[in-house]
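K.L.:
Sharing a structure here in structure tokens format.
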Amino acid sequence: MLFSKNLKLIKNKIMIIFTTNFGDIHIELNKEKAPVSSKNFLKYCQDGFYEGTIFHRVIKGFMIQGGGFTADMQEKEMRAPIVNEANRGLKNLNGTIAMARTDAPHSATSEFFINIANNTFLDHTATTNAGWGYAVFGEVTMGMDVVKKIAKIKTKSIGEFDDVPKESIVIEKVTIVGE
1 MLFSKNLKLI
11 KNKIMIIFTT
21 NFGDIHIELN
31 KEKAPVSSKN
41 FLKYCQDGFY
51 EGTIFHRVIK
61 GFMIQGGGFT
71 ADMQEKEMRA
81 PIVNEANRGL
91 KNLNGTIAMA
101 RTDAPHSATS
111 EFFINIANNT
121 FLDHTATTNA
131 GWGYAVFGEV
141 TMGMDVVKKI
151 AKIKTKSIGE
161 FDDVPKESIV
171 IEKVTIVGE
């Protein structure tokens with residue numbers, strides 16, 4: 001069972017709670033419209049993969065990204081890529097969570113980002129490399145204040161990485177509600 005914004009139970013919903021050093025972020029998965037992405041994200045959560053990872057990329061007015069690196073910017077070993085579900089109707093709106101990927105449409109693994117604006121230019125428009133978009137698979141139901149706080153942090157470049165927070169934003173614990 002899952003708790004909604006007012007903490008009433010909602011049947012057949014799964015929520016992930018990221019406890020970070022900045023506060024808690026509650027994410028409700030959309031298994032109906034993004035079953036592959038939701039299952040993939042949930043498996044990483046169940047395996048404890050995200051614990052100890054950081055939000056390693058913050059772009060003001062755009063998004064915060066995490067799910068693949070430790071505080072010393074070491075990339076964790078990920079599972080195989082999944083199919084891109086950006087063509088299933090969910091939009092990259094403020095507060096939604098989506099799969100991060102390379103330029104290849106079907107390359108998402110563990111990394112994700114939380115939109116901090118309506119980023120509809122990331123939505124699916126065509127089944128071409130340029131048009132595939134980024135698959136939304138859930139939304140933040142509580143903790144947007146934490147997301148906004150993270151989004152305001154100062155950033156720097158480290159080696160090949162730009163937009164790295166100067167202060168580590170660590171996912172300390174992952175709680176799954178409603179499995």
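Numbering (full-length UniProt numbering), first residue to last: 1 to 179. The C-beta atom is built at its ideal place from N, Cα and C for all residues, glycine as well. Bear in mind the structure is a predicted one, so any value in this text is a computation, not a measurement.
1. Once the 5 residues before and after residue 123 are set aside, which same chain residues still bring their CB inside 6 Å of it?
2. Measuring CA to CA, which of 162, 161 and 150 is closest to residue 168?
3. Quick one: residues in its chain with C-beta nearer than 7 Å to the C-beta of residue 81, no 5 flanking neighbours on either side, listed in chain order?
4. Tell whether a beta-carbon distance below 8 Å holds between residue 139 and residue 176.
5. Within 10 angstroms of its Cβ, does residue 161 collect 16 or more other Cβ (buried), or is it exposed?
6. Should residue 159 go down as buried or exposed, given a rule of 16 or more other Cβ atoms within 10 Å for buried?
7. Over the uninterrupted beta strand (DSSP E) stretch that includes residue 29, give me the two end residues.
8. Identify every run of the beta strand (DSSP E) within the region 126-178, keeping only runs that are complete inside it and at least 3 residues long; order them along the chain.
9. Am I right that residue 63 and residue 30 are in contact with their C-beta atoms under 8 Å? What's the rounded C-beta distance?
10. I'd like the list of long-range same chain contacts for residue 46, defined as Cβ closer than 7 Å, with 5 residues on each side in sequence excluded.
11. Which one of 141, 79 and 178 has the shortest CA to CA distance from residue 24?
12. Straight-line CA distance for residue 113 to residue 83?
13. Please tell me whether residue 236 and residue 53 are closer than 8 Å, where the distance is taken between their beta carbons.
14. Along the chain, where does the beta strand (DSSP E) that runs through residue 65 open and close?
15. Residue 178: which of 28, 135 and 100 sits nearest, CA to CA?
16. Span of the alpha helix (DSSP H) holding residue 40?
P.N.:
Working from what's here:
1. As a first step, residue 123 is located in the sequence shown; it is residue number 123 there, counting from the start. Here the set comprises 91, 92 and 133.
2. Along the sequence shown, read from residue 1 onward, the residue named residue 168 stands at position 168. With distances taken between Cα atoms, residue 168 lies closest to 150.
3. Looking up residue 81 in the sequence shown gives position 81. So the list reads 106, 107, 108 and 109, once near-sequence residues are dropped.
4. Taking the sequence shown and counting its residues from 1, one reaches residue 139 at position 139. Taking the sequence shown and counting its residues from 1, one reaches residue 176 at position 176. Result no, Cβ atoms of residue 139 and residue 176 do not sit closer than 8 Å.
5. Position 161 of the sequence shown, counted from the first residue, corresponds to residue 161. Per the 10 Å Cβ criterion, exposed.
6. Locating residue 159 in the sequence shown gives position 159, where the first residue counts as 1. Its Cβ having fewer than 16 others within 10 Å, residue 159 is exposed.
7. What you label residue 29 is simply residue 29 of the sequence shown in a count that begins at 1. That run of the beta strand (DSSP E) goes 23-29.
8. Segments of the beta strand (DSSP E) lying fully in the region 126-178: 136-142, 155-158, 161-165 and 171-177.
9. Position 63 of the sequence shown, counted from the start, is the residue given in the question as residue 63. Position 30 of the sequence shown, counted from the start, is the residue given in the question as residue 30. About 18 Å separates the two Cβ atoms, so there is no contact after all.
10. Position 46 of the sequence shown, counted from the first residue, corresponds to residue 46. The beta carbon of residue 46 lies closer than 7 Å to those of 176 in the same chain, with the five residues before and after it left out.
11. Working through the sequence shown from its first residue, we reach residue 24 at position 24. It is 141 whose Cα lies nearest to the Cα of residue 24.
12. As a first step, residue 113 is located in the sequence shown; it is residue number 113 there, counting from the start. As a first step, residue 83 is located in the sequence shown; it is residue number 83 there, counting from the start. Answer to the nearest angstrom: the Cα atoms are 17 Å apart.
13. No statement about residue 236 is possible, as the shown extent of the chain runs from 1 to 179 and does not include it.
14. Position 65 of the sequence shown, counting from 1, holds the residue named residue 65. Run containing residue 65: 63-70, per the beta strand (DSSP E) assignment.
15. Working through the sequence shown from its first residue, we reach residue 178 at position 178. Selected option, being the one with the closest Cα: 28.
16. Walking along the sequence shown from the start, residue 40 turns up at place 40. Its alpha helix (DSSP H) spans residues 35-46.
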